[in-house]
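Quick note, the working numbering runs 404 ahead of the 1-based positions in the sequence shown.
Backbone N, C-alpha and C fix where the C-beta goes; we use that ideal spot for every residue, glycine too.
Being a predicted model, the structure only gives us computed values, none of them experimental.
What follows is a set of notes on a single structure, which appears directly below.
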Amino acid sequence: MTRGQGKPIPTFLKREGEWIIENVAFLYRADYSVGSPEATLTVVAERQDGSYAMGFDLSQLAGAFGIEVTALLAANQNHTLVYVGTKDVAPGRGGNSAVAHIFRIEDRYATLTVETHRHLQEGTA
Numbered sequence: 405m406t407r408g409q410g411k412p413i414p415t416f417l418k419r420e421g422e423w424i425i426e427n428v429a430f431l432y433r434a435d436y437s438v439g440s441p442e443a444t445l446t447v448v449a450e451r452q453d454g455s456y457a458m459g460f461d462l463s464q465l466a467g468a469f470g471i472e473v474t475a476l477l478a479a480n481q482n483h484t485l486v487y488v489g490t491k492d493v494a495p496g497r498g499g500n501s502a503v504a505h506i507f508r509i510e511d512r513y514a515t516l517t518v519e520t521h522r523h524l525q526e527g528t529a
């Protein structure tokens, strides 16, 4: 079990979601009212202590696994969602660098690649 997994994220992060790893990585519900799902950003949220936590869009990660958002939330809450780690990869969408974030639910793996753009604080996924 990962520290804080499944707990709601605090309101100062200004998102609705829950921790995968408390104070490090979280799942959140993206607001698609402003743009299309293709424009979704993986967010980096500043914590009250000045450090950062990485947020992953529930819909994107559920889609990467081929499951419903409710199933992904259930996996996080029952601790079968595992944040495996990261791997540097080549950027494919015009970024300066890219990191693949690897997740596992039981024997299934999913990856979200986040590209960093020098002029932005957020990356595209």
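Task: Counterpart residues of Gly421 in DSSP-defined beta bridges - done: One-based indexing of the sequence shown puts residue 421 at position 17. According to DSSP, Gly421 bridges with Tyr432.
Open item on the list: Could you give the first and the last residue of the continuous alpha helix (DSSP H) run that contains Ala467?
Closed with: Stepping through the sequence shown from its first residue, residue 467 is reached at position 63. First, the residue type needs correcting, since residue 467 is Gly and not Ala in the sequence shown. Run containing Gly467: Leu462 to Phe469, per the alpha helix (DSSP H) assignment.
- [ ] Consult DSSP for Ala478 and reduce its assignment to one of helix, strand or coil.
- [x] Taking the sequence shown and counting its residues from 1, the one referred to as residue 478 is at position 74. Three-state DSSP puts Ala478 in a helix.
TODO: Compare the Cα-Cα distances from Phe469 to each of Leu417, Ala478 and Ile509 and report the closest residue.
DONE: Translated into the one-based positions of the sequence shown, residue 469 becomes position 65. Considering only alpha carbons, the answer is Ile509.
Task: Thr352 (DSSP reduced to helix, strand or coil) - done: In the structure displayed, the chain extends from 405 to 529; residue 352 sits before or after that span and is not available.
Task: Short Cβ contact (8 Å threshold) for Gly467 with Phe430 - done: The residue given as residue 467 occupies position 63 in the sequence shown. The residue given as residue 430 occupies position 26 in the sequence shown. It is not a contact, given that the beta carbons lie outside the stated cut-off.
Task: Distance, Arg433 Cα to Asp461 Cα - done: On the sequence shown, position 57 is the one that residue 461 refers to. On the sequence shown, position 29 is the one that residue 433 refers to. Roughly 6 Å separates the two Cα atoms.
TODO: Measure the C-alpha to C-alpha separation of Ala475 and Thr517 and round it to an integer number of angstroms.
DONE: Numbered from its first residue, the sequence shown carries residue 475 at position 71. Numbered from its first residue, the sequence shown carries residue 517 at position 113. Roughly 21 Å separates the two Cα atoms.
Task: Ala502 vs Ala514 beta-carbon contact at 8 Å - done: As a first step, residue 502 must be located in the sequence shown, where it is residue number 98. As a first step, residue 514 must be located in the sequence shown, where it is residue number 110. No; because the gap between Cβ atoms is not below 8 Å, this pair is not in contact.
- [ ] Let me know if Gln464 comes out buried or exposed under the rule of 16 or more other beta-carbons within 10 Å of its beta-carbon.
- [x] Start at 1 with the first residue of the sequence shown, and residue 464 comes out as number 60. Per the 10 Å Cβ criterion, buried.
TODO: Please classify His505: is it buried, with 16 or more other beta-carbons within 10 angstroms of its beta-carbon, or exposed?
DONE: For the purposes of this step, residue 505 is taken as residue 101 along the sequence shown, with counting starting at 1. The residue is buried, with at least 16 neighbouring Cβ atoms inside 10 Å.
Open item on the list: Can you tell me whether Ile471 sits near the ligand MN, meaning its C-beta is under 7 Å from at least one heavy atom of the ligand?
Closed with: Among the components modelled here there is no ligand, and therefore nothing to report on the ligand MN.
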